[in-house]
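Peer 1: Sending over a structure as structure tokens; questions will come in a sec.
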Amino acid sequence: MRGSVPMPTSADDGKSVLGLGPLANSMKHLLVLATAGALLLGSLPVTQAQPSTAQPPPKPPKGLRAARDTYSPIMDVLGPTRRRVTDEQLRRLKRLPIEAVWGALQSKDYKQCFVTDFKLTQPGVKLVGRALTMRYLPVRPDVMDAVKTLAKEGDWDYQYNVRAGEDARLGDVLVVELAGAVERATFMGDVTGLGIRSRGAAGVVIDGGLRDLNEFLPMKDFPVYYRGAHASAMADQVGVAWNAPVRIGSVTVLPGDVVIGDSSGVLFFPPQLADDVIKAAEATVFAEDFKREKMRSLRYRARDIYPKLSPELEKEFEELKKKRQSR
Numbered sequence: 002m003r004g005s006v007p008m009p010t011s012a013d014d015g016k017s018v019l020g021l022g023p024l025a026n027s028m029k030h031l032l033v034l035a036t037a038g039a040l041l042l043g044s045l046p047v048t049q050a051q052p053s054t055a056q057p058p059p060k061p062p063k064g065l066r067a068a069r070d071t072y073s074p075i076m077d078v079l080g081p082t083r084r085r086v087t088d089e090q091l092r093r094l095k096r097l098p099i100e101a102v103w104g105a106l107q108s109k110d111y112k113q114c115f116v117t118d119f120k121l122t123q124p125g126v127k128l129v130g131r132a133l134t135m136r137y138l139p140v141r142p143d144v145m146d147a148v149k150t151l152a153k154e155g156d157w158d159y160q161y162n163v164r165a166g167e168d169a170r171l172g173d174v175l176v177v178e179l180a181g182a183v184e185r186a187t188f189m190g191d192v193t194g195l196g197i198r199s200r201g202a203a204g205v206v207i208d209g210g211l212r213d214l215n216e217f218l219p220m221k222d223f224p225v226y227y228r229g230a231h232a233s234a235m236a237d238q239v240g241v242a243w244n245a246p247v248r249i250g251s252v253t254v255l256p257g258d259v260v261i262g263d264s265s266g267v268l269f270f271p272p273q274l275a276d277d278v279i280k281a282a283e284a285t286v287f288a289e290d291f292k293r294e295k296m297r298s299l300r301y302r303a304r305d306i307y308p309k310l311s312p313e314l315e316k317e318f319e320e321l322k323k324k325r326q327s328r
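Going by the numbering used here, the sequence shown opens with residue 2, and the numbers climb by one from there.
What follows is the structure, encoded as structure tokens:
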């Protein structure tokens, strides 16, 4: 009827009383989806918290933590393969140039075995011995308390330089990890150094500081390798591992390793390699001595001697080598 007010249509035709039909439909669809989602979630099984299967760490055997040597799983595994280097092996190694020993170790894939850039109290004096290792960490109160507790349980001095004056043995070379610290990180002074020397230690390698330098200079039979000298006493570092694996520069050093030092640096390697290393290094020295003799003679061109021998000289060398081996 003309002039009458039109009645609102149903939602099915896409309109509402307020003209918002599409929005109402969207809300209706969202409501349906939300309801379905809630029903789906409600039908999923609820995962129950499971009790932890992790076992508490086993307690160490009584007395282990106060053992004379700090326990190391690495050394526990390697122990059966390592044997103490003999005094005779050390004497033979002392006669060999460190470069020849280094070359023998390279052939056995011990690439990281040499540390340099040390200062020396006795330049020109060869150092050979067995590694007695110790590791230091920066001091903090809780660590210091623990160190003193262990020292009391084990009946040793918590200061490792003092302890070394009691525990070092003949032929030991103290190898001290101090991460290069020098000031307030001086491993020993002349009094504790004298105690270590009196026990028969062959020398000391310190990746850190040394005190009372001038007092060590007259000790011709006791070479010390160190990073720097300082007047301060040990105060900022504390020993935390005795005769355990340590790091000196870029090299790993294990307790009982063979230590060889000269003015160029310090070499470390496992004692079970000593025989093979000695034989290889002695062969190198024999070959190089032959080349030196020919160089001094001035009878041959340098290229006939180095790097490889000429066929003529090679034949002469092989005959000489056979005579040496038959002795």
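Ideal Cβ positions, reconstructed from N, Cα and C, are used throughout, including at glycine.
In chain order, which continuous runs of the beta strand (DSSP E) of length 3 or greater are located wholly inside the region 156-228?
Peer 2: Taking only runs of at least 3 residues, the beta strand (DSSP E) segments lying wholly in the region 156-228 are 173-178, 204-208 and 225-227.
Peer 1: Pick helix, strand or coil for MET235, following the three-state DSSP scheme.
Peer 2: Correct three-state label for MET235: coil.
Peer 1: Just to confirm my understanding: we take ARG212, look at its own chain, exclude 5 residues before and 5 after, and list those with CB closer than 6 Å. What are they?
Peer 2: Contacts found: THR187 and GLY190.
Peer 1: What does the Cβ neighbour count give for TYR226, buried or exposed, with the cut at 16 atoms within 10 Å?
Peer 2: So TYR226 ends up on the buried side.
Peer 1: Do the region 146-159 and the region 195-211 touch if we need at least three Cβ pairs shorter than 8 Å?
Peer 2: Touching, no, given that fewer than three Cβ pairs across the two stretches are closer than 8 Å.
Peer 1: Determine, using beta carbons only, whether VAL102 and PHE287 come nearer to each other than 9 Å.
Peer 2: No, Cβ-Cβ distance for VAL102 and PHE287 is not below 9 Å.
Peer 1: Which one of SER265, THR253, LEU321 and GLY240 has the shortest CA to CA distance from ARG147?
Peer 2: It is worth fixing the name first, because residue 147 is Ala in this sequence and not Arg. Taking only the C-alpha atoms, the option nearest ALA147 is GLY240.
Peer 1: Do VAL174 and TYR161 have their CB atoms nearer than 9 Å?
Peer 2: Cβ atoms of VAL174 and TYR161: not closer than 9 Å.
Peer 1: Please indicate yes or no: does the CB of TYR301 lie closer than 8 Å to some heavy atom of the ligand NAP?
Peer 2: With respect to the ligand NAP, the structure shown offers nothing to examine, as it has no ligands at all.
Peer 1: If I measure Cβ to Cβ from LEU24 and keep anything under 7 Å in the same chain, skipping five residues before and after, which residues do I get?
Peer 2: Reliability of the predicted coordinates at LEU24 is poor, the pLDDT of 46 falling under 50, and the value obtained from them is presented with this limitation in mind. Excluding sequence neighbours, LEU24 sits near nothing in its chain.
Peer 1: Taking the alpha-carbon positions, what's the THR134 to VAL205 distance?
Peer 2: Their backbone Cα atoms lie some 10 Å apart in a straight line.
Peer 1: Quick one: what's got a C-beta closer than 7 Å to SER311's C-beta in the same chain, skipping five residues either side?
Peer 2: The answer, listed in chain order, is ASP305.
Peer 1: According to DSSP, which residues form a beta bridge with PRO139?
Peer 2: Looking at the DSSP assignment, PRO139 forms a beta bridge with GLN238.
Peer 1: Take ARG66 and list the residues in its own chain whose beta-carbon comes closer than 8 Å to its own, dropping the five residues that flank it on each side.
Peer 2: TYR72, LEU151 and GLU154, listed in sequence order.
Peer 1: Relative to the C-alpha of ILE279, which candidate in ARG92, ALA68, PRO62 and ASP118 has its C-alpha closest?
Peer 2: It is ARG92 whose Cα lies nearest to the Cα of ILE279.
Peer 1: Closer than 6 Å by C-beta to ILE75: which residues in its own chain qualify, once you throw out the five before and the five after it? Chain order, please.
Peer 2: Within the same chain, ILE75 has close Cβ partners PRO246.
Peer 1: To which residues of the same chain is LEU255 closer than 6 Å at the C-beta, ignoring the five residues directly before and after it?
Peer 2: So the qualifying residues of the chain are PRO246.
Peer 1: Determine the closest residue to ASP258 out of LYS295, PHE119, VAL78 and GLY130, with distance taken between C-alpha atoms.
Peer 2: Looking at the Cα atoms, GLY130 is the closest of the given residues.
Peer 1: Please list, in chain order, all residues of the same chain as LEU97 whose beta carbon is under 6 Å from its beta carbon, the five residues on each side excluded.
Peer 2: Excluding positions up to five away in sequence, the list reads ALA282.
Peer 1: What is the rounded straight-line gap between the Cα of ARG328 and the Cα of ALA236?
Peer 2: So the alpha carbons of these two residues sit roughly 57 Å apart.
Peer 1: Between which two residues does the alpha helix (DSSP H) harbouring ASP318 extend?
Peer 2: The sequence given here places Phe at residue 318; Asp does not occur at that position. 312-326 is the span of the alpha helix (DSSP H), which, as asked, contains PHE318.
Peer 1: Could you give the residue range of the beta strand (DSSP E) that holds PHE270?
Peer 2: 266-270 is the span of the beta strand (DSSP E), which, as asked, contains PHE270.
Peer 1: So, ASP222 versus LEU179, is the Cβ gap smaller than 9 Å?
Peer 2: No. Outside cutoff.
Peer 1: Relative to the alpha-carbon of THR122, which residue among THR82, ALA232, ASP276 and GLU216 has its alpha-carbon at the smallest distance?
Peer 2: Nearest option by C-alpha distance: GLU216.
Peer 1: Using 9 Å as the threshold, is the C-beta distance between LEU218 and PHE115 below it?
Peer 2: For LEU218 and PHE115, no; Cβs fall outside 9 Å.
Peer 1: Check each candidate in LEU214, VAL183, ALA242 and GLY181 and name the one with the smallest Cα separation from THR193.
Peer 2: For THR193, the nearest C-alpha among the options comes from LEU214.
Peer 1: Starting from ILE249, follow its DSSP beta bridges and name the residues at the other end.
Peer 2: Partner(s): VAL252.
Peer 1: Skipping 5 residues on each side, what residues in its chain have a beta carbon closer than 7 Å to that of GLU317?
Peer 2: Hits under 7 Å: none found.
Peer 1: What do you get for LEU41, buried or exposed, if any count of 16 or more other CB atoms within 10 angstroms of its CB means buried?
Peer 2: Here the model assigns LEU41 a pLDDT of 48, short of 50, so the residue's position is not dependable and the matter cannot be decided.
Peer 1: With distances taken from CA atoms, which of GLY250, ARG85, GLN273 and VAL144 is nearest ALA182?
Peer 2: Comparing Cα-Cα distances from ALA182 to each of GLY250, ARG85, GLN273 and VAL144, the minimum goes to GLY250.
Peer 1: So what's GLY104 in DSSP terms, helix, strand or just coil?
Peer 2: Helix at GLY104.
Peer 1: Consult DSSP for ASP263 and reduce its assignment to one of helix, strand or coil.
Peer 2: Residue state, collapsed to three classes: strand.
Peer 1: Can you list, in chain order, the residues of its chain whose CB lies under 8 Å from that of GLN238, leaving out five sequence neighbours each side?
Peer 2: TYR137, LEU138, PRO139, VAL140, LEU179, ALA182, ARG185, ALA186 and GLY209.
Peer 1: In angstroms with no decimal places, state the Cα-to-Cα distance between LEU128 and GLY262.
Peer 2: Each residue's alpha carbon lies about 5 Å from the other.
Peer 1: To the nearest angstrom, how far is it from the Cα of SER108 to the Cα of PRO81?
Peer 2: Between SER108 and PRO81, the C-alpha separation is close to 23 Å.
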